[in-house]
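Participant:
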Amino acid sequence: MAKKVNDLDSMTDEVNKKTGEVVHLNPSSTATVQPVALMRLGLFVPNTDHAKAKGSVNTVKSTVDATEDLYHLEVVKREGYKDISIRSERLDMATDFRVWLGIIRSIYDNGTFAGKLKLPFTKFLQNCGFDSKRSNKDMKKRIDDSLMRLRGVTIQFRNDTGSLTTGLVNSAHYNMAKNEVEIEGDHRLADLYQMDYKVYLRLKAIDHLPRKESAQALYTFIESLPRNPAPVSMKRLRERLRLKSRIAYQNHIVRKALEELKEINYLEYTETKRGRSVYFNITKRNPNLIPDKSLKIDRSTHDEPQIVDEAMISKISKLKDSGFTEEEIAKILISLDSN
């Protein structure tokens, strides 16, 4: 039986632990609720210049282990599945992530998780966070291509006696003749769409990071973390971005992305080192991007972040001191990585 919207409403309520108040997390044009699993797994990753230079990187499918993140699904509990994997080509933040938000928002607006949804293309654009005035030929092709990539995301559940293979959605495509977007979910994944384990993502932060896909990807990951999260390792953030370049350059990308999140007033953090491993302590997250004027931080009392003792990082610092821009440094490192 199809789930109704009031069932979804109860799944998108959150209790304020300080006041006990039940807060309803209602998706809007500026905010959306997203399943934590998809945010942590690295399904949506930055489409870096390095990836573009490699040409075929985006079309190569990779598999991630989703067992720990999707163990709560009803189909897993009912059938006793032990291994869960997601296989997909590289999905970017600029288009694919927004289109997925549009799918989730459209499902929410419809109020059910079964059957095929049909909605005007301009409405779907709005659900994706795009300006409906951009409903032109190029945008329609961009959305249609993205829907095809999302349709190609395969989820496989396995146990000792068999397996189940399905997709993130059963079908998703743009009907050019009717100027409609058609979406059909898999009823067996209804509780994934219901967002059992959810976060409240504000599109405002994404909009403040144009063309900064690494920062966007880390934002979705960090926002999915629980309150007062444990320190996050550099290794985990590299895995979230699924970059293909040298480790030292990946570390540089992570640090740059975190600084960009700090610049838009979303993130406060410190960097520490344990042995040879680097960790980031998330001290504050501010999805509204409004500076907290009540807090006066004495910068002189805070330790400077510890920098990894790597030759490449040293070279990057010297290049910066010599007046090279971030873009020029990136091109130099990419050329070294290609040799």
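Going by the UniProt record's numbering, the sequence shown opens with residue 1, and the numbers climb by one from there.
The C-beta atom is built at its ideal place from N, Cα and C for all residues, glycine as well.
Everything numeric in this text was worked out from a predicted model, so none of it was measured.
1. Please confirm if the segment 79 to 88 is in contact with the segment 247 to 265, defined as three or more CB-CB distances below 8 Å between the two stretches.
2. Using only the alpha-carbon positions, how far apart do S164 and E268 sit?
3. Could you check if S171 is buried or exposed, using at least 16 other CB atoms within 10 Å of its CB as the buried criterion?
4. Determine the DSSP secondary structure at R158, reduced to helix, strand or coil.
5. Check whether the segment 90 to 107 touches the segment 145 to 164, counting contact only when three or more Cβ pairs, one atom from each stretch, lie closer than 8 Å.
6. Alpha carbon to alpha carbon, how far is G185 from V64?
7. Just how far apart, CA to CA, sit D145 and K273?
8. What are the residues that DSSP puts in a beta bridge with E182?
9. Spatial neighbours of F124 within its chain, please: C-beta separation below 6 Å, excluding the five flanking residues on both sides.
10. Going by beta carbon distance, what residues of the same chain come within less than 7 Å of K118, once the five residues before and after it are set aside?
11. Taking the C-alpha atoms as reference points, what is the distance between S245 and N159?
12. From which residue to which residue does the beta strand (DSSP E) around T283 run?
13. Would you kindly work out how many angstroms separate the C-alpha atoms of K137 and S88, rounded to a whole number?
14. Check for me: the alpha helix (DSSP H) holding L43 runs from which residue to which?
15. Expressed to the nearest angstrom, what Euclidean distance is found between the alpha-carbon atoms of I247 and M234?
16. Answer with buried or exposed for D131, where buried requires no fewer than 16 other C-beta atoms within 10 angstroms of its C-beta.
Facilitator: Quick look at the numbers:
1. Output reads no: the segment 247 to 265 does not touch the segment 79 to 88.
2. The sequence shown places Leu at residue 164, rather than the Ser named in the question. So the two alpha carbons sit approximately 42 Å from each other.
3. exposed
4. strand
5. yes
6. 21 Å
7. 42 Å
8. K118, H173
9. For F124, where only same-chain residues beyond five positions count, the Cβ hits under 6 Å are G102, V181.
10. E180, E182
11. 35 Å
12. 277 to 285
13. 26 Å
14. Taken as a continuous stretch (DSSP letters only), L43 belongs to no alpha helix (DSSP H), as it is neither H nor E.
15. The alpha-carbon separation between I247 and M234 amounts to approximately 10 Å.
16. Using a 10 angstroms sphere on the CB of D131, the tally of other CB atoms stays under 16, which defines it as exposed.
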